[in-house]
Structure formats: C-alpha cells, structure tokens
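For reference, the structure discussed in these notes is given below.
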Amino acid sequence: MIKVKQLDYSYHIGKKGNQTSIPVIKKVSFEVKKGEIVAIVGRSGSGKSTLLNLLSGYISPDSGTIEIFEQNTDGYTEKEWAKFRLDHFGFIFQSYELIPSLTAFENIELPLILKGMKRGERQQSVEAMLKRIGLDQHGFHYPNELSGGQQQRVSIGRALITNPTIILADEPTGSLDSETEQGILDLLQELNEKEGITFLMITHDMEVAKVADRTLALHDGEMEERGVYYETK
Ligand SMILES: Nc1ncnc2c1ncn2[C@@H]1O[C@H](COP(=O)(O)OP(=O)(O)OP(=O)(O)O)[C@@H](O)[C@H]1O
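The opening residue of the sequence shown carries number 1 in the UniProt record's numbering; numbering runs sequentially from there.
Okay, here's the thing in structure tokens:
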C-alpha cells in the first residue's frame, strides 16, 4: 500500500548564500501493507513529523521514492496532492484540529462537502458515523462542549467519513489521560480488526505502539535495521 525507498530529506536554514542543511531523514525505507497498523516510534526530534509530512505530500523528498497504491508520487503538483489526500488519506492529530465554530456533526460532514456529496446523503453518512464512534448523542455539541476523548472521536469520525484507504495519525492520544487513551486505542483497534482499516501512526508512546502489528523505530532520521523493531501482536 505504501512503499518508501531510500528517502532523504534535509531542512535548509540561514540566509541565501550562507545556508546550512540539516539532514533529518536519512535513507529511510519501509512498507505498510493493507490492513496493518504500523507505528513509527522515535524520540522528540528524530524526524517523525517530517516523515509524515513527506508521506502526505506537504514537503518533497530530496531523493528516494514514495509509492502509494502503486503510484509513484514523484512530481505530483500541489493540486494533485490535495486531491490524492482527499481521496485516500484520513488524518488524526494530537490536538484534534477541529473547527471550533462547527458542531461535531458539521466537523465530520466537512470532507463530504469538499467531495461534493449531496445534503441528504451527507446527513445519513454523518449520523451513521456518529453511532460508529459512540457519539450519537453529541452531534450538536461544539468542540469546547466535548471532552478531549470525545473531541478525538470526532476527529476520527472526520478522518473515516470519506472511506480513506489509510489513516495517518500523529500522536493520536498525546493529549489524553491514560484511561481515555485506552478508549481511543480500543476504537482504533476495533476499526482495524472489524473493518480492515489501515493505520500508520507516529508516536513516542509505547502504549500506542502496543496496538500496532509492527513498530518501526526512527533514530536521528534513520530507520532501525530491517525496519522491524519488534512484533507486538
Ligand atoms: N522547518 C524546520 N526547519 C528546520 N529544522 C526543522 C524544521 N522542522 C523540524 N526541524 C528539525 O528537524 C528535526 C526533526 O523534527 P521533527 O519535527 O520531524 O521530529 P519529531 O520526531 O516529530 O519530534 P516531536 O516528537 O518532538 O514532534 C529536529 O531536529 C527539528 O529541529
């Protein structure tokens, strides 16, 4: 599903003519297969967010290839990436990234509006999604009227509503207490087991990594030898 080969990326800092390049991703290769939960773990500053930004096309690699669904993404324009993300990716972030002026229902509905789905169909899909994530009583609540765990459920609903091929999650439980964290991890695991949803998660939390089929470790931009850190299931 995702094949990354020999990926290199450096940031360039300083003024033109006097720039220093900081290599952050170094010859990284790995694969994510359909139906897997893969966790990428690493300390703060090891390059996890940079890797996620490369995979989702917000930045371009200096060298190496990213193949997603057997398509080489090299040379995609911003517009092509935007469409590709809407068609294939769902995103979950540590800070939820919900729109505060929209209700839970409307936050989940938004990607469907972007995709041009008709109102009646949207209504049905969002209602079914609210049930699926255990929030059917909370559709009309605004984000600030929901707990952290409930807000993360809304963001999971928004990520899933377009039936993405893969969910990319950046520290999905990073803002939650351990009990709420477990509830969210159970939901992700259930979505994976019952519905075959593929997840790529980045985290420095080993509890999150425990729900993964495979854990890959990033150290200073390099992937642990063989990529497989340990088997957890
Ligand atoms: N825009 C930028 N310009 C220059 N250097 C950057 C930039 N963004 C990140 N870096 C550097 O790249 C390295 C990797 O950062 P990155 O955010 O990918 O790490 P991370 O593993 O996601 O960290 P964290 O767990 O703290 O979010 C760090 O040394 C960071 O300082």
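Just so you know, even glycine gets a beta-carbon here, dropped at the ideal spot from N, CA and C.
This one's a predicted model, so the numbers in the text were calculated from it and none came from an experiment.
Cβ atoms of Val28 and Ala209 stay farther apart than 8 Å, at about 18 Å. In the three-state reduction of the DSSP assignment, Val208 falls in the helix class, which pools H, G and I. In this chain, the alpha helix (DSSP H) harbouring Lys131 covers 119–132. Looking at the backbone, the Cα of Val154 and that of Met117 are separated by about 19 Å. In this structure, DSSP gives Ser147 a state outside helix and strand, which the three-state scheme calls coil. Secondary structure at Thr180: helix, using DSSP grouped into helix, strand and coil.
Checking the 7 Å criterion, the Cβ of Val24 is within range of a heavy atom belonging to ligand 1. Cβ-Cβ separation between Ile161 and Leu112: approximately 6 Å, consistent with a contact (criterion under 8 Å). The alpha-carbon of Gly196 is positioned some 19 Å away from that of Ile202. The alpha carbon of Leu7 has as its nearest neighbour, out of Lys33, Lys48, Val38, Gly35, the alpha carbon of Lys48.
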